[in-house]
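Reviewing the structure listed below.
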Amino acid sequence: MTPVRIELRRGPGLWSLPVLVGIGVFMARAQMSADNVWSYATGAVTSAPVLMAPLAVGVAAWAGGRSQRRAARHAWLLAGRDPAQAPLVEAGVLAACATVAYALVAMVTLVPTAATATWGGPFWWWLASAGVGFTAAICVAYGVGVLLPGRFTPFIAALVTYLATTWNLGQYGTWYAMFPFTVELIPPFSAPHAPTMRGQMLWFTGLALLALALAAVKVRSSARVVIPAVGASLALAVSGAAIVIGENGRYVDVNRHIVWSCSGSSPQVCIHPAFANSFSPISQRAQAITQRLAATPFAISRVEQRPRGVGGLPTPGAIAYALDAPTVEHYDRASLDIAIAALGVDSCAHGPRRDNTAHAMAQLVVAWAVGDDNLFTPRTPDQQQAKVNFLSLPLRNQQQWLTAHAGAVRTCSLAPQSFT
Numbered sequence: 001m002t003p004v005r006i007e008l009r010r011g012p013g014l015w016s017l018p019v020l021v022g023i024g025v026f027m028a029r030a031q032m033s034a035d036n037v038w039s040y041a042t043g044a045v046t047s048a049p050v051l052m053a054p055l056a057v058g059v060a061a062w063a064g065g066r067s068q069r070r071a072a073r074h075a076w077l078l079a080g081r082d083p084a085q086a087p088l089v090e091a092g093v094l095a096a097c098a099t100v101a102y103a104l105v106a107m108v109t110l111v112p113t114a115a116t117a118t119w120g121g122p123f124w125w126w127l128a129s130a131g132v133g134f135t136a137a138i139c140v141a142y143g144v145g146v147l148l149p150g151r152f153t154p155f156i157a158a159l160v161t162y163l164a165t166t167w168n169l170g171q172y173g174t175w176y177a178m179f180p181f182t183v184e185l186i187p188p189f190s191a192p193h194a195p196t197m198r199g200q201m202l203w204f205t206g207l208a209l210l211a212l213a214l215a216a217v218k219v220r221s222s223a224r225v226v227i228p229a230v231g232a233s234l235a236l237a238v239s240g241a242a243i244v245i246g247e248n249g250r251y252v253d254v255n256r257h258i259v260w261s262c263s264g265s266s267p268q269v270c271i272h273p274a275f276a277n278s279f280s281p282i283s284q285r286a287q288a289i290t291q292r293l294a295a296t297p298f299a300i301s302r303v304e305q306r307p308r309g310v311g312g313l314p315t316p317g318a319i320a321y322a323l324d325a326p327t328v329e330h331y332d333r334a335s336l337d338i339a340i341a342a343l344g345v346d347s348c349a350h351g352p353r354r355d356n357t358a359h360a361m362a363q364l365v366v367a368w369a370v371g372d373d374n375l376f377t378p379r380t381p382d383q384q385q386a387k388v389n390f391l392s393l394p395l396r397n398q399q400q401w402l403t404a405h406a407g408a409v410r411t412c413s414l415a416p417q418s419f420t
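According to my numbering, the sequence shown is numbered sequentially starting from 1.
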C-alpha cells in the first residue's frame, strides 16, 4: 500500500476529484429533464463525463509524462521489482479517483429521484458502461502521456477529447456507440439496449488495458507481463467491438414499456406510470377540452399518453398526447396535442392540404378548444374579425357552429368568412 499512499499524497488524483464532482453535477443537472423519472435521471448521470472528461484526460496525460519531463526519481519510489508497477499505480490511482467522482455524481443525481420516482428504477448497464468508458479514457490518456511526455501533451489531449466528443454528439450508429462520452435522452416508454452496453464495457476495458500495456512497454517491463496484457486487451477490445457492431450500435429499445395507468371519465385519462404525479394537471386540461367539444362531432372519451414518432398512434377511439416532462410548459403542449388530434387538424400545417389561411383558421379553433386565446395571433383584419366573432359567442353557440362546420374543419378548408 505504500506506493498507493505516495501517489495519493503527491499525485493529482485527489485534488482533481472534487473539481470533477462539481463539473459532473453541473452537467447532470443541466441535462436533467425531470428528477422524478428514472430514465431521465440515468441519462443525466451518463452525460456527466462529457464535461468531466477533458479535465480528467488532461490531468491523466500530465501525470503520465510527469516523471520523464522532470527527470525526477518520483516514479522510482513507486517501482518494485517490475518497472511497470510505477505507471500502473499512477494510472490506477487516477482511474480510481475518477471512478469515485463519477459515483458521487451518480449518487447526488439519483438519490432525489429515488425519493420521488413513481415507477421503474436506474438503468444499471447504462450507468456502468458510461462509468467504464470514463475510466478507460483516463487510462488511455495516461498511456498517451507516458508515450508522448511533451509539455503540451496534456492540453492537446484535453482539446482533442473535447472536440471529438462534440463531433460525436452529432453522429449515430456504431461509431457513436463505440465512443465513451455521449448524451442520450431516453423517454420512459423506451429503454437502453443492454447488449450494446455490455459490448461497450468490453471495448472500453480492452482499450484501457492496451494503453497501460503500451505504457509498460515504454518503461521496459518484462515480456512476461506485457505479452499476456496485450493479448488480453486485444481479446476484450475485439470481442466488445464485435458485439457493438453486431448490434449496429443500437442504443435504445424503442417503445419497450408501453404501459399506462388510467383513471377518470369524460374523458378517461391514461398516463405512463413514470408520470403518475402529472395525472391531475393533464386530467384538468383534458376535461376542459372535453367540455368545449361536448355535443359536437369531436367529442372525446379517452386520452392516452404516447411516445412521439414511432408508436404514437393511440388505441381505437382514443386521442394521443405526448408528455416529455412534468412541467407546466409540457402540460400545455400536451393539451395542444389533445385538441389538435380531437379536431383532426394536424394535417392543416403540412402536406397537400396546407393553406396559410385555412391553417390560421384551424389555429383559431384549436386555441378556443384549449381555452387560450393567445395561441392565435391574427395576421389580417379579416382574421381578427373572425376571432372576435367566434370568441364572443356563448359556448352553446360555439358548439353549434363547430357542428355545422365539422366538414370544413376536417378538410382544412375554413376561411375567415366561415366565422361571420
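Using N, Cα and C, we set each Cβ at its ideal position, and we do this for glycine too. Predicted model only: the values in this text are computed from it and were never measured.
In whole angstroms, what separates the C-alpha of residue i from that of residue j?
| i | j | result |
| --- | --- | --- |
| G11 | V230 | 26 Å |
| A242 | A208 | 17 Å |
| N374 | F279 | 25 Å |
| R379 | S392 | 19 Å |
| M178 | T403 | 56 Å |
| A191 | A274 | 13 Å |
| C139 | L94 | 8 Å |
| F134 | A295 | 59 Å |
| S239 | G199 | 7 Å |
| W76 | M197 | Below a pLDDT of 50, predicted positions are generally treated as unreliable, and W76, at 46, falls in that range; no measurement from the model is reported. |
| G422 | A322 | In the structure as shown, the chain begins at 1 and stops at 420. Residue 422 is therefore absent and cannot be evaluated. |
| F376 | D324 | 24 Å |
| Q385 | P416 | 8 Å |
| L104 | S335 | 38 Å |
| P195 | Q171 | 20 Å |
| R308 | L51 | 29 Å |
| A101 | A136 | 14 Å |
| D35 | P180 | 24 Å |
| S265 | S283 | 10 Å |
| G92 | M107 | 22 Å |
| T116 | R220 | 54 Å |
| T427 | T182 | In this structure the chain extends from 1 to 420, so residue 427 is not present and cannot be described. |
| F189 | N168 | 25 Å |
| W401 | P394 | 11 Å |
| H330 | S33 | 11 Å |
| G22 | P49 | 12 Å |
| C262 | S129 | 35 Å |
| N397 | V328 | 30 Å |
| Q383 | E247 | 53 Å |
| S16 | V59 | 8 Å |
Check for me: the alpha helix (DSSP H) holding residue i runs from which residue to which?
| i | result |
| --- | --- |
| Q200 | A194 to K218 |
| W399 | Note on residue identity: the sequence assigns Gln, not Trp, to residue 399. Taken as a continuous stretch (DSSP letters only), the alpha helix (DSSP H) holding Q399 covers L395 to A404. |
| V370 | N356 to V370 |
| G231 | A223 to G246 |
| H330 | V328 to L343 |
| A386 | P381 to L391 |
| P297 | Careful: P297 lies outside any alpha helix (DSSP H) and carries neither H nor E. |
| S280 | F279 to L293 |
| T451 | With the chain covering only 1 through 420, there is no way to say anything about residue 451. |
| L8 | T2 to R10 |
Ordered along the chain, which non-local residues of its own chain (more than five positions away) have a Cβ less than 6 Å from that of residue i?
| i | result |
| --- | --- |
| E304 | C270, P314, A318 and A320 |
| P54 | A158, T161 and Y162 |
| F123 | T42 and P192 |
| Q68 | P149 |
Excluding sequence positions up to five away, which residues of its chain have a Cβ less than 7 Å from the Cβ of residue i?
| i | result |
| --- | --- |
| A237 | W203, G206, L207 and L210 |
| V146 | G64, G65, P87, A215 and K218 |
| R73 | Confidence is the limiting factor: at R73 the pLDDT is only 44, short of 50, which leaves the residue's position unreliable, though a coordinate-based value still follows. Result list for R73: empty, nothing under 7 Å. |
| V370 | I289, S335, L336 and A339 |
| T113 | D35, N36, W38 and A41 |
| L20 | M52, L55, A56, A98 and A101 |
If you drop the 5 nearest sequence neighbours on each side, which residues of the same chain put their C-beta closer than 8 Å to that of residue i?
| i | result |
| --- | --- |
| I300 | P267, A286, I289, T290, L293, I319, I338 and A342 |
| L14 | L8 and C97 |
| N389 | F419 and T420 |
| P316 | none |
| R29 | A44 and T109 |
From the DSSP output, which residues share a beta bridge with residue i?
| i | result |
| --- | --- |
| S263 | V269 |
| R302 | Q268 |
| V252 | P192 |
Can you tell me where the beta strand (DSSP E) with residue i in it begins and where it stops?
| i | result |
| --- | --- |
| V19 | Counting along the chain, V19 falls outside any beta strand (DSSP E), though it belongs to the alpha helix (DSSP H) covering G13 to Q31. |
| I186 | Run containing I186: none; DSSP gives neither H nor E here. |
| I319 | I319 to Y321 |
For chain C, is any of its Cβ atoms less than 9 Å away from the one on residue i?
| i | result |
| --- | --- |
| V217 | Among the protein chains of the structure shown there is no chain C, as only one such chain exists. |
*asked:* Report the start-end ranges of each alpha helix (DSSP H) in the region 100 to 173 that is 4 residues or longer and not cut off at the edges.
replied: 124 to 147 and 153 to 168, all fully within the region 100 to 173.
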